[in-house]
Amino acid sequence: MDTLPVPLEAEARAIAFMPMTEADLDAVHAVETSAYGHPWSPRHFRDSLQAGYPAVMLIGEAHAGESPWPPRPDGRWLLGYLVAMPGVDEVHLLNLTVNPPHQRQGWARFMLDALSLWSRGQGARALWLEVRQSNAPARRLYERYGFREVGVRRGYYPLSALQREDAVVMQLGLDGTQGTE
Numbered sequence: 044m045d046t047l048p049v050p051l052e053a054e055a056r057a058i059a060f061m062p063m064t065e066a067d068l069d070a071v072h073a074v075e076t077s078a079y080g081h082p083w084s085p086r087h088f089r090d091s092l093q094a095g096y097p098a099v100m101l102i103g104e105a106h107a108g109e110s111p112w113p114p115r116p117d118g119r120w121l122l123g124y125l126v127a128m129p130g131v132d133e134v135h136l137l138n139l140t141v142n143p144p145h146q147r148q149g150w151a152r153f154m155l156d157a158l159s160l161w162s163r164g165q166g167a168r169a170l171w172l173e174v175r176q177s178n179a180p181a182r183r184l185y186e187r188y189g190f191r192e193v194g195v196r197r198g199y200y201p202l203s204a205l206q207r208e209d210a211v212v213m214q215l216g217l218d219g220t221q222g223t224e
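With the working numbering applied, the sequence shown corresponds to residues 44 to 224, in that order.
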């Protein structure tokens, strides 16, 4: 997944997927910590890259003042990123994050579209993910996209030093099956 397909209308807006590398981890982690109370650590990203998991960044133009970080050397901003883990006939979405100043502009759906298309091309029959039970906006996004809740992982996410939060397991059938195992 060095690159994901980019629709023509996105090309006109200078939007591109670029492979995430270790050189990008400072910028990626800055976005991660601004987006989540319990972010992935740089080690999570590094381990995913070293394992060869597909990891891409969505890079694009932004208007001045839309991002608290300076633009990349090419003048574009990190809009979001995703990390996935392919399996025999499935892909597990491990992390999908949109840079907070660019949220609610369709970028998460854009990345899901590209991931779904790529996954089908790899022969995957399903996409899987976990989402915090308390993350109602993300759950709504995934449900609108076609994911179905298929289970719960008790105590999956850290909530505090002493508490854990459940994860809702969701699945999207890529071969006409929705929410089935």
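Virtual Cβ for every residue (Gly too), placed ideally from N, Cα, C. Being a predicted model, the structure only gives us computed values, none of them experimental.
Straight-line Cα distance separating residue j from residue i
| i | j | result |
| --- | --- | --- |
| residue 191 | residue 217 | 12 angstroms |
| residue 175 | residue 210 | 5 angstroms |
| residue 66 | residue 206 | 34 angstroms |
| residue 79 | residue 122 | 15 angstroms |
| residue 197 | residue 203 | 15 angstroms |
| residue 75 | residue 181 | 15 angstroms |
| residue 143 | residue 94 | 27 angstroms |
| residue 55 | residue 150 | With a pLDDT of only 44 at residue 55, under the threshold of 50, the placement of this residue in the model should not be trusted; the figure read from the coordinates follows. So the two alpha carbons sit approximately 15 angstroms from each other. |
| residue 96 | residue 70 | 19 angstroms |
| residue 63 | residue 91 | 10 angstroms |
| residue 134 | residue 68 | 23 angstroms |
| residue 129 | residue 179 | 26 angstroms |
Residues that DSSP places opposite residue i in a beta bridge
| i | result |
| --- | --- |
| residue 58 | Its beta-bridge partners do not exist; DSSP assigns none. |
| residue 100 | 61 and 124 |
| residue 213 | 172 and 192 |
| residue 129 | 134 |
Start and end residues, beta strand (DSSP E) containing residue i
| i | result |
| --- | --- |
| residue 148 | Premise fails: residue 148 is in no beta strand (DSSP E) and is neither H nor E. |
| residue 181 | Segment 179-188 is the alpha helix (DSSP H) holding residue 181; no beta strand (DSSP E) there. |
| residue 192 | 191-201 |
| residue 136 | 133-141 |
Same chain only: Cβ atoms within 6 angstroms of residue i, ignoring 5 sequence neighbours per side
| i | result |
| --- | --- |
| residue 215 | 170, 189 and 190 |
| residue 72 | 85 |
| residue 141 | 123, 150 and 151 |
Delimiting residues of the alpha helix (DSSP H) encompassing residue i
| i | result |
| --- | --- |
| residue 117 | Taken as a continuous stretch (DSSP letters only), residue 117 belongs to no alpha helix (DSSP H), as it is neither H nor E. |
| residue 205 | No alpha helix (DSSP H) contains residue 205, which DSSP labels as neither H nor E. |
| residue 235 | Coverage of the chain is limited to positions 44 through 224, which leaves residue 235 absent and any answer about it impossible. |
| residue 144 | Segment: none, residue 144 is in no alpha helix (DSSP H) and carries neither H nor E. |
| residue 67 | Where residue 67 is concerned, there is no enclosing alpha helix (DSSP H), given that its DSSP letter is neither H nor E. |
Cutoff 8 angstroms; reference residue i; Cβ partners in own chain excluding five residues on either side
| i | result |
| --- | --- |
| residue 82 | 72, 75 and 76 |
| residue 57 | 103, 104 and 119 |
| residue 208 | 175, 176, 177, 198, 199, 200, 201 and 202 |
7 angstroms CB neighbourhood of residue i in its chain, flanking five on each side removed
| i | result |
| --- | --- |
| residue 138 | 83, 125 and 126 |
| residue 166 | 132 |
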